[in-house]
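Heads up: the sequence shown begins at 20 in the numbering used here, then just goes up one per residue. Just below is one structure, and these are the notes that go with it.
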Amino acid sequence: MKPRSIVVLTGAGISAESGVPTFRGPDGLWEGHRVEDVATPEAFFRNPDRVHAFYDARRARLAEVEPNAAHKALGMLDARWPGDLLIVTQNVDDLHERGGARRLLHMHGRLKSARCLACDARLDWEGPLAHRPPCPACGAAGRLRPDIVWFGEMPYDMDRIDRALARADLFVAIGTSGQVYPAAGFVEDARAAGAYCIELNLEPSDVSFRFHECRLGRASELVPALVDELVA
20 MKPRSIVVLT
30 GAGISAESGV
40 PTFRGPDGLW
50 EGHRVEDVAT
60 PEAFFRNPDR
70 VHAFYDARRA
80 RLAEVEPNAA
90 HKALGMLDAR
100 WPGDLLIVTQ
110 NVDDLHERGG
120 ARRLLHMHGR
130 LKSARCLACD
140 ARLDWEGPLA
150 HRPPCPACGA
160 AGRLRPDIVW
170 FGEMPYDMDR
180 IDRALARADL
190 FVAIGTSGQV
200 YPAAGFVEDA
210 RAAGAYCIEL
220 NLEPSDVSFR
230 FHECRLGRAS
240 ELVPALVDEL
250 VA
């Protein structure tokens with residue numbers, strides 16, 4: 020396998036081994052909450068205290084988890100790959116960065132970022148938002164929200180992702196369910212552009228049949244093995 024341009028998509032499965040809860044459990048709840056209550060713009064405007072408390076707690080818990088071997092392997096790929104590479108993650112944690120990845124896009128936003136509803140600035144943010152701090156960019160009070168792409172909102176950097184998929188020789192999806200669009204459709208876009216497509220997952224996703232190859236197992240084992248193949 021000698022691709023020139025690689026696009027990697029990662030989902031909740033890659034961070035689950037680090038102890039980060041997956042997006043939605045088998046009971047349809049996200050960490051005990053209805054998704055409609057914590058992951059929509061309507062939920063935020065209806066009850067900002069509950070939404071802030073939810074994301075403040077998740078942001079604080081990032082200090083308790085560490086990148087696993089899969090994150091570190093992608094960091095090594097980023098450092099050693101001489102061609103084009105774009106790692107697109109659906110995850111809002113910072114484990115890819117801590118694993119060494121730099122050619123990285125968070126299409127669904129980041130926990131360690133806040134967005135101002137007054138000036139639309141996106142700001143690195145480490146602490147809580149529940150106490151309604153003023154925006155460091157414009158000074159507006161109580162106008163910061165979690166910089167998370169909620170249901171009904173457009174993911175970030177879609178133009179850049181589309182361009183990368185159009186020129187990719189290899190597309191790899193890691194730990195994704197194949198249920199959340201537009202990410203679930205990336206494999207179709209990559210195949211249409213002529214890319215070879217590999218899925219790495221604990222179990223087949225809803226779109227496994229669209230991949231040329233599906234490797235089943237733990238991300239912490241499958242990802243380092245694939246990276247070794249690529250950089251050998």
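Virtual Cβ for every residue (Gly too), placed ideally from N, Cα, C. Since this is a predicted model, take the numbers as computed values, not measurements.
- In the DSSP assignment, find the alpha helix (DSSP H) that holds Ser239 and state where it starts and stops. One-based indexing of the sequence shown puts residue 239 at position 220. Run containing Ser239: Ala238 to Val250, per the alpha helix (DSSP H) assignment.
- Query: Whose C-beta lies closer than 6 Å to the C-beta of Gly119 among residues of the same chain, with five residues either side of it excluded?
  - Reply: Numbered from its first residue, the sequence shown carries residue 119 at position 100. Counting only Cβ-Cβ distances below 6 Å, and skipping sequence neighbours, we find Gly94.
- Is His90 closer than 8 Å to Leu105 when the C-beta atoms are compared? For the purposes of this step, residue 105 is taken as residue 86 along the sequence shown, with counting starting at 1. For the purposes of this step, residue 90 is taken as residue 71 along the sequence shown, with counting starting at 1. No, the Cβ-Cβ distance between Leu105 and His90 is not below 8 Å.
- Task: Tell me whether Tyr200 is buried or exposed, calling it buried when 16 or more other Cβ atoms sit within 10 Å of its Cβ.
- Result: Here residue 200 corresponds to residue number 181 of the sequence shown, with the count starting at 1. Exposed, by the Cβ-count rule.
- Counting Cβ pairs, one atom from each stretch, are 3 or more of them under 8 Å apart for the segment 170-183 and the segment 198-218? yes
- Message: Per DSSP, what are the beta-bridge partners of Pro165 in this structure?
- Response: Locating residue 165 in the sequence shown gives position 146, where the first residue counts as 1. Paired residue(s): Ala133.
- Taking Cβ to Cβ, would you say His127 is nearer than 8 Å to Val168? Residue mapping note: residue 127 aligns to position 108 of the sequence shown, counting from 1. Residue mapping note: residue 168 aligns to position 149 of the sequence shown, counting from 1. Yes, the pair counts as a contact, with Cβ atoms nearer than the cut-off.
- How big is the Cα-Cα spacing for Lys21 and Leu189? What you label residue 21 is simply residue 2 of the sequence shown in a count that begins at 1. What you label residue 189 is simply residue 170 of the sequence shown in a count that begins at 1. Approximately 9 Å between the Cα atoms of the pair.
- Query: Where do the N-terminal and C-terminal ends of the alpha helix (DSSP H) with Tyr215 fall, by residue?
  - Reply: The residue labelled residue 215 in the question sits at position 196 within the sequence shown. Looking at the DSSP string, Tyr215 is not in any alpha helix (DSSP H); the run it does join, the beta strand (DSSP E), is Tyr215 to Asn220.
- Task: Whole angstroms is fine: what's the gap from Glu172's alpha carbon to Gln109's?
- Result: By one-based count along the sequence shown, residue 172 stands at place 153. By one-based count along the sequence shown, residue 109 stands at place 90. Roughly 14 Å separates the two Cα atoms.
- Task: Please classify Arg186: does DSSP put it in a helix, a strand, or coil?
- Result: Position 167 of the sequence shown, counted from the start, is the residue given in the question as residue 186. Reduced to three states, the DSSP call for Arg186 is helix.
- Message: What does the alpha-carbon distance come out to for the pair Gly194 and Ala238?
- Response: Taking the first residue of the sequence shown as 1, we reach residue 194 at position 175. Taking the first residue of the sequence shown as 1, we reach residue 238 at position 219. Gly194 and Ala238: Cα-Cα distance of roughly 7 Å.
- Under 8 Å between the Cβ atoms of Asp112 and Ser34? The count along the sequence shown starts at 1 and reaches residue 112 at position 93. The count along the sequence shown starts at 1 and reaches residue 34 at position 15. Yes.
- Query: Once you ignore the five residues that flank Phe170 on each side, which residues in its own chain have a CB closer than 6 Å to its CB?
  - Reply: The residue given as residue 170 occupies position 151 in the sequence shown. The answer, listed in chain order, is Ala58 and Thr59.
- From Leu123 to Pro152, what distance separates their C-alpha atoms? Within the sequence shown, residue 123 is the residue found at index 104, counting from 1. Within the sequence shown, residue 152 is the residue found at index 133, counting from 1. One C-alpha to the other measures close to 28 Å.
- Message: For Phe63 and Leu249, I'd like the C-alpha separation in whole angstroms.
- Response: Taking the first residue of the sequence shown as position 1, residue 63 is located at position 44. Taking the first residue of the sequence shown as position 1, residue 249 is located at position 230. About 43 Å.
- Query: Could you give the distance in angstroms between the alpha-carbon of Glu36 and the alpha-carbon of Asn87?
  - Reply: Numbered from its first residue, the sequence shown carries residue 36 at position 17. Numbered from its first residue, the sequence shown carries residue 87 at position 68. Between Glu36 and Asn87, the C-alpha separation is close to 7 Å.
- Task: For His127, name the three-state secondary structure that DSSP assigns.
- Result: Position 108 of the sequence shown holds residue 127. Correct three-state label for His127: coil.
- Message: Whole angstroms are fine: how far does the CA of Ile217 sit from the CA of Ala156?
- Response: For this step, residue 156 is matched to residue 137 along the sequence shown. For this step, residue 217 is matched to residue 198 along the sequence shown. If you take the alpha carbons of Ala156 and Ile217, they lie about 42 Å apart.
- Is the distance from the Cβ of Leu28 to the Cβ of Val107 below 8 Å? In the sequence shown, counting from the first residue as 1, residue 28 sits at position 9. In the sequence shown, counting from the first residue as 1, residue 107 sits at position 88. Cβ atoms of Leu28 and Val107: closer than 8 Å.
- CB Ala72 to CB Ala149, shorter than 8 Å? The residue you call residue 72 lines up with position 53 of the sequence shown. The residue you call residue 149 lines up with position 130 of the sequence shown. Yes, the Cβ-Cβ distance between Ala72 and Ala149 is below 8 Å.
- Task: Less than 8 Å between the CB atoms is what I'm expecting for Leu219 and Arg229, so what's the real figure, rounded?
- Result: In the sequence shown, counting from the first residue as 1, residue 219 sits at position 200. In the sequence shown, counting from the first residue as 1, residue 229 sits at position 210. Not a contact, Cβ separation roughly 14 Å.
- Just mark Glu61 as buried or exposed, buried being the case when its beta carbon has 16 or more other beta carbons within 10 Å. Stepping through the sequence shown from its first residue, residue 61 is reached at position 42. Label assigned to Glu61: exposed.
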